[in-house]
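> Starting off with a structure, shown below.
In the working numbering, the protein residues as written are 1482 to 2099.
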């Protein structure tokens, strides 16, 4: 029993100094065979010349030695015998023990997450199992450390992600925004907006245009978009003889695609969070996570093309594939394969209070406060003469939290002040909106923990050392897009794939860029594009996957049978996805201007509609 607790303490306090509290060390928790690593020491006791590192009975001279700091860089070993020592002549100033594992072990946690997500069609258990395995690997794979590793999964890795200030702000931002959505849904504000938009929608074409525009307006969250637009538009579609399959397509294609490129959404906190964590070991990248995200948006070809393709479909009145048949049946008054169980999908959580006056301003004003205050806090916390400098120096995380707090308070005060909701009803509505964020919150926390595991196992170093010289820089975004799409299609989770891949892709991309001339204007588009490809490749496959949460939720909210939705939407998603890949991402890697590629992609979708499309009345 005593030995058991000693081992727990050893795992938790691995980096504690054995000799002299005045010396601190920066070293990997585990060392990978034949993969270069760095060790540095700092403290007053090393403010001298002649210090050496003893490793495997070999003497290693310092790479740099400045005041109170000494570094030993690019060390590579194939075996490890005994402790690692910092010596001054015959005097040992500091020594510690480390663990040596094969490099391929370091990539097993993300691979385990991917494989289990494929097998069980759910990402949360997959991520947790991957974290547990990673904690066990850090402890040295001892049989007696299996249970302590499980405990460390909670009390060290998961707990540390939650107490991190930036992570806590993202969590609060997500919850506040979700709460605001719950309030403006309950008080009739969102329904007021759609009533104004569909008032003059007296034809199938006008009705589809109204739903498309409304889907774009509800930009701040994909779940909210799906529930609000889907549930409030069913009766309109039935009245105008628009198929439920078409409604599901309109809803699905204006939810995640809009949320992933809009600058103030529930997705932004998640995306910035995983980008930020991926930058910690790359000090050469000077741009903030938020600025990198902003720069990646022009290279997010699929969301733009998906949204524009929807517009082309509804404006021209043309459809193709299985959707054409579904629309013809609907026009003939044959509505079939609807999911009637979905009619009450939101009744227990997000619902409209009966008898309230549905006023659009009750949603428009809180959303306006969100946007305006977000811009205000960004520009007041940043410094510089250009927008780029201001965005780069601003406290984006705090701006997100402050803006969503003010937005939620505005929605609450307007609801209570007008007598639309009581205080208790307002709190209940806020919590109902928050509940829809809980799964995303859980995935995000586990993703952060997996990223920390990958850092401790030096996964990025292994990937970079193995692939950094083998993938042509120009093709890297294309490869990342395809890999993201495959994983998201199989797992059904775009967020899960983003969380797994981003900590690997960013270091790999930077290594490839460094091998091709380093940071420069000519090369930085590769970094922006690969970040965009992780985000949008997963969204594309998420649109095509029948096990995606957004796909399932869309079919429920729209009253459409799941596989009917998948079957009818697939040709449109494939059309926009292939155009994004071959007309956008691929040539962008070779330096083609993004705006020309976007125009080219739009033209391709116009041609697709004109060549394959057919009016429903034909």
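We treat Cβ as the ideally placed atom computed from N, Cα and C, and that holds for glycine.
Spatial neighbours of residue 1456 within its chain, please: C-beta separation below 8 Å, excluding the five flanking residues on both sides.
Summary: the structure shown does not reach residue 1456, with the chain confined to residues 1482 through 2099, and so no result is reported for it.
> For residue 1727, which of 1801, 1549, 1777 has the nearest alpha-carbon?
1801
> Residues in the same chain with beta-carbon distance under 7 Å from residue 1797, minus the five sequence neighbours each way, listed in chain order, please.
2090, 2094
> Look up residue 1975 in the DSSP assignment and say whether it is helix, strand or coil.
helix
> By the DSSP assignment, the alpha helix (DSSP H) with residue 1522 in it spans what residues?
Where residue 1522 is concerned, there is no enclosing alpha helix (DSSP H), although the beta strand (DSSP E) it sits in stretches over 1518-1523.
> Using the beta-carbon count (16 or more within 10 Å), is residue 1896 buried or exposed?
buried
> When the Cα of residue 1475 is compared with those of 1538, 1784, 2010, which residue comes out closest?
A query on residue 1475 cannot be resolved here, the shown segment of the chain reaching from 1482 to 2099 and no further.
> Take residue 1509 as the anchor and find which of 1936, 1962, 1961 has the nearest alpha-carbon.
1936
> Helix, strand or coil for residue 1582? Go by DSSP, reduced to three states.
strand
> May I have the straight-line CA-CA distance separating residue 2014 from residue 1744, to the nearest angstrom?
17 Å
> So does the stretch 1637-1651 actually touch the stretch 1900-1918, counting three or more Cβ pairs closer than 8 Å?
no
> Spell out the partners DSSP gives residue 2104 in its beta bridges.
In the structure displayed, the chain extends from 1482 to 2099; residue 2104 sits before or after that span and is not available.
> Under the three-state reduction of DSSP, which class applies to residue 1821: helix, strand or coil?
Low local confidence applies: a pLDDT of 42 at residue 1821 is under 50, so the model's placement there is unreliable, with the coordinate-based value given in what follows. Assigned with DSSP and collapsed to three states, residue 1821 falls in helix.
> Taking C-alpha atoms, which residue in 2057, 1812, 1613 lies nearest to residue 1928?
Looking at the Cα atoms, 1613 is the closest of the given residues.
> Using only alpha-carbon positions, find the residue among 1786, 1739, 1980, 2025 that is nearest to residue 2100.
This structure does not reach residue 2100, given that the chain is present from 1482 up to 2099, and the question cannot be answered.
> To which residues of the same chain is residue 1781 closer than 8 Å at the C-beta, ignoring the five residues directly before and after it?
1741, 1742, 2013, 2016, 2017
> Can you round the beta-carbon distance between residue 1668 and residue 1550 to whole angstroms, since I take them to be within the 8 Å contact cut?
Not really, about 58 Å apart at Cβ, beyond 8 Å.
> Apply the 10 Å Cβ neighbour rule to residue 1683 and answer buried if 16 or more other Cβ atoms are within range, or exposed otherwise.
exposed
> What's the gap between the Cα of residue 1760 and the Cα of residue 1539?
33 Å
> Is DSSP giving residue 1736 helix, strand or coil here?
coil
> Do residue 1586 and residue 1513 have their CB atoms nearer than 9 Å?
Yes; because the gap between Cβ atoms is below 9 Å, this pair is in contact.
> Evaluate the contact criterion for the stretch 2078-2092 versus the stretch 2060-2068: three or more CB pairs, one atom per stretch, below 8 Å.
yes
> Within 10 angstroms of the Cβ of residue 1641, are there 16 or more other Cβ atoms? Answer buried if so, exposed if not.
Burial is judged here by how many other beta carbons sit within 10 angstroms of a residue's own beta carbon; residue 1641 has fewer than 16 and is exposed.
> Check whether the Cβ atoms of residue 2044 and residue 1755 lie closer than 9 Å to each other.
no
> When DSSP labels each residue in this structure, what does residue 1768 get in the three-state scheme?
It is coil, neither helix nor strand.
> My guess is that residue 1940 and residue 1517 are in contact by the Cβ rule of under 8 Å, so how many angstroms apart are they, rounded?
The Cβ separation is near 14 Å, so there is no contact.
> Comparing alpha-carbon positions, which option in 2011, 1907, 1911, 1894 lies nearest residue 1952?
The shortest CA-to-CA distance from residue 1952 to any of 2011, 1907, 1911, 1894 is the one to 2011.
> Going by C-alpha to C-alpha distance, which of 1746, 1698, 1595 sits closest to residue 1658?
1746
> Express the C-alpha separation of residue 1878 and residue 1991 in angstroms, rounding to a whole number.
24 Å
> From the DSSP output, in three-state form, read off residue 1603 for me.
coil
> Along the chain, where does the alpha helix (DSSP H) containing residue 1647 start, and where does it finish?
1646-1667
> Helix, strand or coil for residue 1569, going by three-state DSSP, please let me know.
strand
> Quick one, which of 2033, 2060, 1977, 1503 has its alpha-carbon nearest residue 1751's?
1977
> Report the option in 2049, 1856, 1833 whose CA atom is closest to the CA atom of residue 1902.
1833
> Whole angstroms are fine: how far does the CA of residue 1847 sit from the CA of residue 1891?
6 Å
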